[in-house]
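Undergrad: Take a look at this one; I'll ask things after.
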Amino acid sequence: MVTSAPTTLDTAIWDVLRSVEDPELPISIVDLGLVRDVQVQDGRVAVRLIPTWVACPALAVIRARVRSALLALGGVQDATVEYTYDAPWTVDRLSERGRAQLASHGLSVPRCRFAEPPVCPYCGSRDVVQESMFGPTLCRATYLCRSCRNPFERFKPPA
Amino acid sequence: MPGALAAIADPAVRAAYREWLLRIADDELVIGHRHSEWTGFGPDIESDVAMSSIAQEELGHGRAWYEQIAADDGGDADRLAFGRAPDEYRHAALLEQENGGWEYSMIRLMLYEAFEIGRLRLVAASGHEPVAGLAQTLSREERYHGLFADTWLTRLAGAAPGGPERIQAALDRAWPDALGLFESTAADEVLQRAGVLQSSPSAEREAWVATVRPVLERYGLAVPSGAGAREGGRRGVHTAAFEPLLAQLTEVWKSDPEARW
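Chains G and V are the protein sequences, given in the same order.
Residues 4 to 162 in the numbering used here are what the first sequence lists, from first letter to last.
Residues 156 to 416 in the numbering used here are what the second sequence lists, from first letter to last.
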């Protein structure tokens, strides 16, 4: 990690990363905690990302979006974007803002682990049943709330 | 980014390590294809989506392993996945068998997932990054597959009359092929001597039987006795089920291997 004071380019790079959204979730990849680190040397940017799920079909889209956004930035000569496996993604990488955005999207998010008791994102009830561990995307499971009768989805981190 | 192989100085160990990774990639690719055949045919909509997701995950895991190998070969992951002759694939027979009934697919899923957890633990302990980190990452994803199989097998075991008999027949069919997952070749010995592989296939097989036996007995099933392992897959010798599978799996890629997707 580079620990020196951030330059204007560093700040601009992080602003660009914050502008890239996950194609399957309405939040920035920075709030989702996908950015492992950023190295900048002589206008060459190397970004390492952490996949939430290794088989996620959005990975290639995210990589392409990050690269083209960086290349559009003045002062960036080249950009590489790689996925790294040296520290697995965990749910505590989500920012508070990311959590709030997912909640307002109707997605319940466990605090730390999938095994925690689920909470209905609409009424806050814990009287819920799991419909399926495998929802519309690899990172979501489906539930039914028995209190407010709403179906809902819950973020499913790797176990 | 170079893969794990570049750091291995001894060419014999490097070749054996590549062989080991290729088995993993091929197992995932082939089972991913078989699971995907349930898309549109699952017993209920949730199970259909679940099996399709599991298929998607196994194919994605295969891709991640092929990318690791290709990074060292200087080649292309798609070509590695789709461009080889049948006898160059290293998956075990269990993964290529046709699905038949849902009960067979659930038994196979359960047996294979228990094997996968043990194998990923060995890769994670092999001391070679980035594949050790990849193995650790993937083992967290595989757990959900095992849970899905367990939910279904528990349900089928209680579905008298007929359920228990059908899953017993599925287990009897799958068992020799499942033992074939542990087929050992010269590559295993090389890796063991080099200290990369912390265990032998026979010790792994024993540990696996000790893990799955109580689970199978909980479903009311009897572990087949006296049935030997069906081997050959790790040496590129496959059953009649494989060539049609490979033809279908590679049909689009082979129509234009140079196409950019």
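By construction, the Cβ of each residue, glycine as well, lies at the ideal position given by its N, Cα and C atoms.
Using the C-alpha atoms, what's the distance from Ser135 (chain G) back to Ala431 (chain V)?
TA: Residue numbering for chain V in the displayed model covers 156 to 416; residue 431 (chain V) lies beyond these limits and cannot be assessed.
Undergrad: Strictly under 7 Å for the Cβ-Cβ distance: is Ala49 (chain G) near chain V by that measure?
TA: For Ala49 (chain G), the answer is no, since every Cβ of chain V falls outside 7 Å of its Cβ.
Undergrad: I'd like the ranges of any beta strand (DSSP E) spanning at least 3 consecutive residues and lying wholly in the segment 38-91 of chain G.
TA: The segment 38-91 of chain G contains these whole beta strand (DSSP E) runs: 38-44, 47-52 and 81-86.
Undergrad: Between the Cα of Val57 (chain G) and the Cα atoms of V:Ala287, V:Thr292, V:Arg274 and V:Trp193, which residue gives the shortest distance?
TA: Per the Cα distances, V:Thr292.
Undergrad: If I measure Cβ to Cβ from Pro121 (chain G) and keep anything under 7 Å in the same chain, skipping five residues before and after, which residues do I get?
TA: Only Ser111, Val131, Tyr146 and Arg157 meet the Cβ criterion.
Undergrad: Phe137 (chain G) touches chain V at which residues, Cβ-Cβ below 9 Å?
TA: Those within 9 Å of Phe137 (chain G) in chain V are Glu201, Ser202, Val204, Ala205, Met206, Ser207, Ser208, Ile209, Tyr299 and Phe303.
Undergrad: Cβ closer than 8 Å: which chain V residues qualify as neighbours of Ala162 (chain G)?
TA: Within 8 Å Cβ-Cβ: Arg295, Glu296, Arg298 and Tyr299.
Undergrad: Excluding the 5 residues preceding and the 5 following Ala106 (chain G) in the sequence, name in chain order all residues of the same chain whose CB lies nearer than 7 Å to its CB.
TA: Here the set comprises Val112 and Pro124.
Undergrad: Compare the C-alpha of Leu346 (chain V) against each of V:Ala170, V:Ala162 and V:Gly158 and name the closest.
TA: That would be V:Ala170, whose Cα lies nearest to the Cα of Leu346 (chain V).
Undergrad: Who are the Cβ neighbours of Glu243 (chain V) in its own chain at under 7 Å, not counting the five residues just before and after it?
TA: Gly391, listed in sequence order.
Undergrad: Here's a check: name, in chain order, each residue in its chain whose Cβ is nearer than 7 Å to the Cβ of Ala161 (chain V), leaving out the five neighbours to either side.
TA: Taken in chain order, the residues that qualify are Asp227.
Undergrad: Quick check: does the Cβ of Glu297 (chain V) come within less than 6 Å of any heavy atom belonging to the ligand FAD?
TA: The ligand content of the structure shown is nil, which means the ligand FAD is not present either.
Undergrad: Pull the bridge partners of Phe158 (chain G) from the DSSP assignment, please.
TA: In the DSSP output, where bridge partners are listed per residue, Phe158 (chain G) has G:Arg143.
Undergrad: With a 10 Å radius around its C-beta and 16 neighbouring C-beta atoms as the bar for buried, classify Phe196 (chain V) as buried or exposed.
TA: Classification for Phe196 (chain V): exposed.
Undergrad: I'd like the list of long-range same chain contacts for Val48 (chain G), defined as Cβ closer than 8 Å, with 5 residues on each side in sequence excluded.
TA: Closer than 8 Å at Cβ, skipping near neighbours: Ile16, Val41, Gln42, Leu73, Val79, Asp81, Ala82 and Thr83.
Undergrad: Using a 10 Å radius around the Cβ and a threshold of 16 neighbouring Cβ atoms, would you call Val38 (chain G) buried or exposed?
TA: It is buried - the Cβ of Val38 (chain G) has at least 16 other Cβ atoms within 10 Å.
Undergrad: DSSP state of Leu28 (chain G), grouped into three classes?
TA: Here Leu28 (chain G) sits in coil by DSSP.
Undergrad: For Arg25 (chain G), count neighbouring Cβ atoms within 10 angstroms of its own Cβ and tell me buried if that reaches 16, exposed if not.
TA: It is worth fixing the name first, because residue 25 (chain G) is Asp in this sequence and not Arg. Burial call: buried.
Undergrad: Could you tell me which chain V residues have their CB closer than 8 Å to the CB of Glu27 (chain G), listed as they occur along the chain?
TA: The contacting residues do not exist; Glu27 (chain G) stays about 13 Å from chain V at best.
Undergrad: Spell out the partners DSSP gives Cys148 (chain G) in its beta bridges.
TA: Paired residues: G:Val131.
Undergrad: Compute the distance between the beta-carbons of Cys115 (chain G) and Thr55 (chain G), then report whether it is under 7 Å.
TA: No, the Cβ-Cβ distance between Cys115 (chain G) and Thr55 (chain G) is not below 7 Å.
Undergrad: Going along the chain, which residues of its own chain have a beta-carbon closer than 6 Å to the beta-carbon of Tyr221 (chain V), five neighbours each way excluded?
TA: For Tyr221 (chain V), where only same-chain residues beyond five positions count, the Cβ hits under 6 Å are Ala180, Ala232, Leu235 and Ala236.
Undergrad: Report the option in G:Leu35, G:Leu28 and G:Gln104 whose CA atom is closest to the CA atom of Thr140 (chain G).
TA: The candidate whose alpha carbon is nearest that of Thr140 (chain G) is G:Leu28.
Undergrad: Can you find the residues in the same chain that come closer than 7 Å, C-beta to C-beta, to Glu359 (chain V), ignoring five residues on each side of it along the sequence?
TA: The answer, listed in chain order, is Gly273 and Phe337.
Undergrad: Please state whether DSSP places Ser111 (chain G) in a helix, a strand or coil.
TA: Correct three-state label for Ser111 (chain G): strand.
Undergrad: Can you tell me whether Ile65 (chain G) is buried or exposed? The criterion is at least 16 other CB atoms within 10 Å of its CB, across all chains shown.
TA: Under this definition Ile65 (chain G) is a buried residue.
Undergrad: What is the rounded straight-line gap between the Cα of Ala329 (chain V) and the Cα of Trp92 (chain G)?
TA: If you take the alpha carbons of Ala329 (chain V) and Trp92 (chain G), they lie about 35 Å apart.
Undergrad: Name the chain V residues that come within less than 7 Å of Pro187 (chain G), Cβ to Cβ?
TA: Absent from the structure is residue 187 (chain G), since the part of chain G shown begins at 4 and ends at 162.
Undergrad: Hey, does Ala279 (chain V) have any beta-carbon neighbour from chain G nearer than 7 Å?
TA: Not an interface residue.
Undergrad: Give the residues from the segment 108-141 of chain G that approach chain V closer than 7 Å (Cβ to any Cβ), ordered along the chain.
TA: Listed by position, the residues of the segment 108-141 of chain G near chain V (Cβ gap below 7 Å) are Glu134, Ser135, Met136, Phe137 and Leu141.
Undergrad: Would Asp332 (chain V) and Ala280 (chain V) be called neighbours here (beta carbons separated by less than 7 Å)?
TA: No. Outside cutoff.
Undergrad: Measure the C-alpha to C-alpha separation of Arg218 (chain V) and His246 (chain V) and round it to an integer number of angstroms.
TA: Near 15 Å, if we compare the C-alpha coordinates of His246 (chain V) and Arg218 (chain V).
Undergrad: Could you name the residues of chain V that Tyr88 (chain G) contacts, counting a contact when the two beta carbons are closer than 9 Å?
TA: Going along chain V in sequence order, the residues near Tyr88 (chain G) (Cβ under 9 Å) are Ala219, Glu284, Pro285, Val286, Ala287, Gly288, Leu289, Ala290, Gln291, Thr292 and Leu293.
Undergrad: Kindly give me the distance between the Cβ atoms of Val94 (chain G) and Val23 (chain G), rounded to whole angstroms, as I take these residues to be in contact under 8 Å.
TA: The Cβ separation is near 20 Å, so there is no contact.
Undergrad: Taking C-beta pairs closer than 8 Å, name the residues in chain V that Val94 (chain G) reaches, listed in chain order.
TA: Chain V residues near Val94 (chain G): none, gap ~11 Å exceeds 8 Å.
Undergrad: Just confirm the distance between the C-beta atoms of Glu253 (chain V) and Ala396 (chain V), as a whole number of angstroms; I'd bet it's less than 8 Å.
TA: About 6 Å; that satisfies the 8 Å criterion.
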